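Chains A and B, in that order, are what the protein sequence lines are. Oh and the first sequence: position 91 is 121 in the working numbering, straight run, nothing missing. Oh and the second sequence: position 17 is 44 in the working numbering, straight run, nothing missing. Ideal Cβ positions, reconstructed from N, Cα and C, are used throughout, including at glycine. Remember, it's a predicted structure, so these values are computed and weren't measured experimentally. Since the structure comes first, as structure tokens, the remarks are kept for the end.
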Amino acid sequence: MKQDGIKSFFSIMWRNKMSRWGLIILALFLLTAIVGPIVLDPPKSDYLNRLQAPSSEHWLGTDFAGKDTLTQLILGARDVLLVAAYAAVFALTFACLVGITAGLLGGKIDTVLMTITSIILTIPSFPVTMILSMVIEIENQLTFGLVLSLWSWAGLAKAIRSQVLLIKHKDFIEASKLMGLSHLNIVVNDILPNIVSYIAVNFIAIMKGAILASVGLMYLGLVPFQGNHWGMMIQISLSQTGALLGSSSMVYFLAPVISIVLFQFGCYLFATGLDDALNPRLRS
Amino acid sequence: MWKRLGMALFTMVVSLIIVFIVIQSMPGDPVDILAQEIVRAEALPYDVAYQRAIATLNYDPSQPLHERFVEYVAGIVSGDLGYSLAYKKPVTEIVGGALPWTMLILSVSLLLSFTVGVLIGIYVAWKRKRALNVAVTAYQSIFGSIPDYIVAYILVFIFAVSLGILPSKGAYSSSVTVGFNAPFIADVIRHAILPVMAYFITTVASWTVAMKANSLTVLGEDYMTYAEVRGLHRRRILVHYLGRNAMLPMVTSLAVSFGLMFGGSPLIENLFLYPGVGYYLSIAISRRDFPLMQGMFLIIIVMVVLSSLLAEFLYQILNPRLRGA
């Protein structure tokens, strides 16, 4: 039955035009992130050929140190996606823990958890994340993802709680309870499968937000991240080469920007399309 | 209403505690930083300088956290937010100077994108033309995908760098005299155009989409059909029946998006070097200026909580069903 669920989930996704294109775009990015670093060597500095315009040798030109832009862009995909995926996994875990506990147990625990959640929702997340990035030392993709997730789970937790409240009194859960199954068992077998599509939509939405926040933090120079993240490329292009003054480094600035926008676009199509397909009420 | 006020106050206090603890656990010791500066500037022995730094900052790292918090709150109540390390002046002064600029930009862009979004949304729902629908969806999916600070960069590139018709930095030029005079106001408006445009372009579509969806729901209601059957004037139906009812649920999301914009202001204001709350917050963080950081957070929290109270209040007034309740 579970396999049927996943199968129908994919077929719903494929039938909707928006989520299909979103899926295709995201899959392309995923492919780049997986295959890119295997095929390509890290770009070498070549100070004789710095800030070159696109040519047959360097399709997207070179940066201020003479590194090939396209290579950096492709290698960066893995860092960008990893950071965002870690952030989404952490945020989802927190949200599920809080949301399901609050919804299932109810009572005082529910009140306390929801009060905390709404307080966290009140404080804008980006400024807090700025400070958290100073408190927690960001060393790799994992810690970066953790910092991004710490303040971004509250909205989802609230939503998951209301989903749980909706299905809590359905017959199959009451039946499981009568059978004396443990809470954990009910969560894993009855609740999670029923909100999986909902979680998928939000996973993508959180990834979308995490990429924005990660690039924003890098743009402000708050993350000493060593790697090929696109945010780093944007920061370097703006701070070191004056991309906006119309120099030939414009391509170096535009390449990561367009990649980010395209990725965000894929996320948007995927999440909106899936939301439409799953919520008949929203169809207009 | 009292319950709501109490909850708002509680939210503020708890948020302050959380932010206080997070900031206090940041690496680095502001007293030590200031003491070293005093040693360098006035050639005092380190102990004396350290004591003076404690007095200036009203902050003693050897105190336990909860005592420090009590003192901090006592400071807030008496209107003392501490002393900024980076700017060498009281935090209250900086906050007072920064808040009006952020409020100006945010309120103008919010009002503009809300009004335009609502009008377009109602029009699209009323006309029911496929082409309009597609255009709105396309706009939303493209500009909903571009981060506002990137849009801001592109705007700077077009209007400030290439065309050179609008200023890209600051809130006003150094050539005008600050005060209530025409050149100053005109200059402030010119400087505000690009930041407002950046917010407007990226947020207008979400209002349009929400308004369209609400309008479609309202259009399906029986009272709409009845109003048409009664032969009411179209303008009256549009404004009083459709507009009011469809707009109502969106009033509460005004507060949410205000908070969201406040949160995003470090990026936009940093980009335009616009001297608002977000700009000083990012400076405070990069210079490890703890008191300034706390001051900016305090003002962000207060503004966000107040705006959600205001939204609820507005909702009560606009919703006749809640009147007198």
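Compute the Euclidean distance between the alpha carbons of residue i and residue j, then round it to the nearest angstrom.
| i | j | result |
| --- | --- | --- |
| Leu259 (chain B) | Tyr150 (chain B) | 18 Å |
| Val113 (chain A) | Cys297 (chain A) | 15 Å |
| Ser49 (chain A) | Gly55 (chain B) | 47 Å |
| Pro254 (chain A) | Leu247 (chain A) | 10 Å |
| Ala301 (chain A) | Gly52 (chain A) | 8 Å |
| Lys47 (chain A) | Gly171 (chain B) | 18 Å |
| Lys239 (chain B) | Ile173 (chain B) | 22 Å |
| Arg217 (chain B) | Val278 (chain B) | 29 Å |
| Tyr226 (chain B) | Asp175 (chain B) | 6 Å |
| Leu193 (chain B) | Ser292 (chain B) | 20 Å |
| Gly102 (chain B) | Phe285 (chain B) | 28 Å |
| Val217 (chain A) | Ser233 (chain B) | 35 Å |
| Thr38 (chain B) | Leu190 (chain B) | 47 Å |
| Phe233 (chain A) | Phe120 (chain A) | 10 Å |
| Tyr99 (chain B) | Leu214 (chain A) | 44 Å |
| Met144 (chain A) | Lys198 (chain A) | 17 Å |
| Met274 (chain B) | Asn241 (chain B) | 8 Å |
| Thr142 (chain B) | Tyr77 (chain B) | 54 Å |
| Met28 (chain B) | Met237 (chain A) | 38 Å |
| Ile229 (chain A) | Ala205 (chain A) | 24 Å |
| Ile185 (chain B) | Ile228 (chain B) | 15 Å |
| Val266 (chain B) | Ala165 (chain B) | 27 Å |
| Ala209 (chain B) | Tyr307 (chain B) | 28 Å |
| Val46 (chain B) | Val158 (chain A) | 8 Å |
| Leu299 (chain A) | Ile290 (chain A) | 14 Å |
Going along chain B in order, which residues have a C-beta closer than 9 Å to the C-beta of residue i?
| i | result |
| --- | --- |
| Gly246 (chain A) | Pro174, Tyr176, Gly291, Pro293 and Leu294 |
| Phe174 (chain A) | Those within 9 Å of Phe174 (chain A) in chain B number zero; the least Cβ separation is about 17 Å. |
| Val291 (chain A) | Ile169, Ser172, Ile173, Pro174 and Ile177 |
Applying a beta-carbon distance threshold of less than 8 Å, which residues of chain B neighbour residue i?
| i | result |
| --- | --- |
| Ser155 (chain A) | Gly290 |
| Met160 (chain A) | Pro293, Leu308, Ser309 and Ile312 |
| Val165 (chain A) | Val49, Ser52, Met53 and Pro54 |
| Gly251 (chain A) | Ser313 |
Please list, in chain order, the chain A residues whose beta carbon lies closer than 8 Å to that of residue i.
| i | result |
| --- | --- |
| Thr38 (chain B) | Ser148, Ile149 and Thr152 |
| Met274 (chain B) | In chain order: nothing, as chain A lies at least about 18 Å away. |
| Leu287 (chain B) | Pro154 |
Using DSSP bridges, identify the partner residues of residue i.
| i | result |
| --- | --- |
| Pro117 (chain B) | B:Tyr110 |
Roughly how far, in whole angstroms, is the beta-carbon of residue i from the beta-carbon of residue j, given that I think they are within contact range, below 8 Å?
| i | j | result |
| --- | --- | --- |
| Met53 (chain B) | Val165 (chain A) | 5 Å |
| Ser89 (chain B) | Val223 (chain B) | Incorrect: roughly 47 Å between the Cβ atoms, too far for contact. |
| Leu162 (chain A) | Trp181 (chain A) | 7 Å |
| Tyr116 (chain A) | Leu60 (chain A) | Incorrect: roughly 15 Å between the Cβ atoms, too far for contact. |
| Ala15 (chain B) | Ala311 (chain B) | In this structure chain B extends from 28 to 352, so residue 15 (chain B) is not present and cannot be described. |
| Tyr282 (chain A) | Thr99 (chain A) | 5 Å |
| Val194 (chain A) | Gly129 (chain A) | 6 Å |
| Ile139 (chain A) | Val41 (chain B) | The pair is not a contact, with the Cβ atoms about 18 Å apart (cut-off 8 Å). |
| Val236 (chain B) | Phe289 (chain B) | No, Val236 (chain B) and Phe289 (chain B) are not in contact; Cβ-Cβ is about 22 Å, not under 8 Å. |
| Ser200 (chain B) | Val183 (chain B) | 16 Å between Cβ atoms; not a contact. |
| Ala125 (chain A) | Ile190 (chain A) | 6 Å |
Using the beta-carbon of each residue, which ones in chain A are nearer than 7 Å to residue i?
| i | result |
| --- | --- |
| Leu193 (chain B) | Ordered by position in chain A, no residue passes the 7 Å Cβ test against Leu193 (chain B), which lies about 14 Å from the chain. |
| Val161 (chain B) | Result: empty, since nearest Cβ-Cβ is about 12 Å, beyond 7 Å. |
| Asn297 (chain B) | Leu250 |
Assign residue i to one of three DSSP states: helix, strand, or coil.
| i | result |
| --- | --- |
| Trp29 (chain B) | helix |
| Pro286 (chain A) | helix |
| Glu204 (chain A) | helix |
| Trp183 (chain A) | coil |
| Ser201 (chain B) | coil |
| Val253 (chain A) | coil |
| Phe207 (chain B) | coil |
| Leu137 (chain B) | helix |
| Met53 (chain B) | coil |
| Arg108 (chain A) | helix |
| Asp316 (chain B) | coil |
| Arg257 (chain B) | coil |
| Glu64 (chain B) | helix |
| Met209 (chain A) | coil |
| Asn232 (chain A) | helix |
| Arg50 (chain A) | helix |
| His259 (chain A) | coil |
| His93 (chain B) | helix |
| Val40 (chain B) | helix |
| Pro72 (chain A) | coil |
In chain A, which residues lie less than 9 Å from residue i when you measure between Cβ atoms?
| i | result |
| --- | --- |
| Ile220 (chain B) | None at all; the shortest Cβ gap to chain A is about 18 Å. |
| Phe324 (chain B) | Ile153, Pro157, Val158 and Ile161 |
Please tell me whether, using a cut-off of 8 Å, the distance from the CB of residue i to the nearest non-hydrogen atom of the ligand SAH is below it.
| i | result |
| --- | --- |
| Gln90 (chain B) | Absence of the ligand SAH from the depicted structure is noted, as is the absence of any ligand whatsoever, leaving it without description. |
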